[in-house]
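Notes follow once the structure below has been shown.
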Amino acid sequence: MITSYITIIVGIIAVVAALSTILQKNPVYSAVSLIVVMIALAINYLLLDAEFIAAIQIIVYAGAIMVLFVFVIMLLNLGEVKKYKIEATSGRIAGAILTGLFLLQLIVAGYNVTSNVPGIERFLVDTKGLDSTKIIGRALFSDYLLPFEVVSIVLIVGIIGAVVLGKKKE
Numbered sequence: 386m387i388t389s390y391i392t393i394i395v396g397i398i399a400v401v402a403a404l405s406t407i408l409q410k411n412p413v414y415s416a417v418s419l420i421v422v423m424i425a426l427a428i429n430y431l432l433l434d435a436e437f438i439a440a441i442q443i444i445v446y447a448g449a450i451m452v453l454f455v456f457v458i459m460l461l462n463l464g465e466v467k468k469y470k471i472e473a474t475s476g477r478i479a480g481a482i483l484t485g486l487f488l489l490q491l492i493v494a495g496y497n498v499t500s501n502v503p504g505i506e507r508f509l510v511d512t513k514g515l516d517s518t519k520i521i522g523r524a525l526f527s528d529y530l531l532p533f534e535v536v537s538i539v540l541i542v543g544i545i546g547a548v549v550l551g552k553k554k555e
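Start counting the sequence shown at 386; every next residue gets the next number (this note's numbering).
Set out below in structure tokens:
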């Protein structure tokens with residue numbers, strides 16, 4: 386029961402911090418708000434008994450990625466963002482319609498999710514005697530081996546591209 390309340394409180398904190406990330410004028414404050422979102426997500430992972438994913442969330446996203454963001458912000462010497470007045474009522478109407486359609490899709494999808502969906506059994510994992518690290522390892526190296534290898538190749542290509550583009554020309 387208390388876990389439900391903690392989940393709701395952490396979810397509210399995550400949503401408020403996400404809105405703060407978007408609405409802040411100063412990019413450094415926006416980055417700090419994004420760190421709060423990442424920490425709130427890690428707390429939700431802890432509440433779901435996924436300790437490994439929570440640790441990776443903190444180390445990789447709240448740690449390394451956000452340090453990189455703040456470093457780039459400081460390096461570029463970004464100040465406050467200038468506001469421009471935009472008179473685009475058609476864009477606002479289109480945005481409102483798309484938002485409404487998206488929310489309608491979420492509501493319909495939420496009502497259609499049931500436990501008696503045919504074929505759902507293959508997505509369920511027997512977790513008796515296993516921790517989250519073993520479950521992730523077994524899934525990555527059995528069912529998701531090809532996507533795992535494709536992602537590793539994409540990352541290597543990205544690293545090689547960054548080295549080639551960052552190399553000083555003589």
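Beta carbons are placed, not taken as given, at the ideal position from N, Cα and C, and that holds for glycine.
- Of the candidates Ile420, Ile478 and Asn411, Asn411 places its Cα closest to the Cα of Met459.
- By the criterion of at least three beta-carbon pairs nearer than 8 Å, the segment 449-458 is in contact with the segment 408-423.
- Between the C-alpha atoms of Ile391 and Ala440 there is a straight-line separation of about 19 Å.
- Of the residues assessed, Leu419 falls on the buried side of the cut-off, its CB having 16 or more other CB atoms within 10 angstroms.
- Following the DSSP letters along the chain, one finds Ala449 in no alpha helix (DSSP H), marked with neither H nor E.
- Leu530 and Lys519 have their C-alpha atoms some 15 Å from each other.
- One alpha carbon belongs to Val455, the other to Ile393, and they sit about 29 Å apart.
- When the Cα atoms are used, Val493 and Ser527 turn out to be separated by approximately 33 Å.
- In chain order, Glu436 and Phe437 place their CB closer than 8 Å to the CB of Asp516, counting only its own chain and leaving out the 5 sequence neighbours on each side.
- Annotation: Lys552 to Ala524 spans about 38 Å, alpha carbon to alpha carbon.
- Note that the C-beta distance between Ile428 and Val395 is below 8 Å.
- Leu433 is the residue among Leu433, Pro532 and Glu534 whose C-alpha sits nearest the C-alpha of Ser389.
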